[in-house]
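Working notes, beginning with the structure itself.
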Amino acid sequence: MAKQQPYSLVYDPRLFDHLKKVDSKYQPLIEKTMTEQLTFEPHRETRNRKPLRVPAPFDAGWELRFGPDNRFRVLYDIDGANHVVNVLAFGIKDRNRLLIGGEEVSS
């Protein structure tokens with residue numbers, strides 16, 4: 000059986016501004032989860048990883064949920080031909096609102 004080629008993660012420059020709005024104690028969890036969940040099979044739908052309906056914020060195709068009470072969201076898109084995951088945005092779900100970079104976006 001052939002070994003699966005990992006996907007490279009490419010971060011949108013705006014992502015770093017989004018992450019500044021998160022308590023620093025969560026930074027290791029965020030980095031670890033993005034790497035673990037998006038490096039292999041980022042296109043595989045799971046309970047906490049799902050395709051988004053169009054139009055989605057940042058034109059993202061997928062959403063990853065994790066963290067305390069599953070309130071963290073990573074919006075990403077997949078370039079399967081080049082084995083690249085474009086990480087577009089990081090947000091925090093607060094009840095029925097999605098906050099990205101401290102600003103509410105419609106989901």
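Reminder that position 44 of the sequence shown reads as 43 in numbering that gives the first Met the number 0, one-by-one numbering, no gaps.
We put the beta carbon where it would ideally sit given N, CA and C, even for glycine.
In this text the structure is predicted, and so the values were computed from the model without any measurement.
Residue environment, residue i, which counts as buried when at least 16 other CB atoms sit within 10 Å
i	result
Ala55	buried
Gly79	exposed
Leu15	Checking the displayed sequence, the identity of residue 15 turns out to be Phe instead of Leu. Exposed, because fewer than 16 other Cβ atoms sit within 10 Å of the Cβ of Phe15.
Gly101	exposed
His17	buried
Pro41	buried
Residue span of the beta strand (DSSP E) that contains residue i, given as start and end
i	result
Arg64	61 to 65
Ala88	83 to 93
Whether residue i touches residue j by CB criterion (9 Å)
i	j	result
Thr38	Leu8	yes
Arg48	Leu63	yes
Ile77	Gly90	no
Phe71	Thr32	yes
Residue i: first and last residue of the uninterrupted alpha helix (DSSP H) it sits in
i	result
Arg13	13 to 18
Near the ligand PLP: residue i beta-carbon under 8 Å from a heavy atom
i	result
Thr38	Looking at this structure, you won't find the ligand PLP or any other ligand, since it has none at all.
Per-residue DSSP class, three states only, for residue i
i	result
Glu30	helix
Phe39	coil
Tyr25	helix
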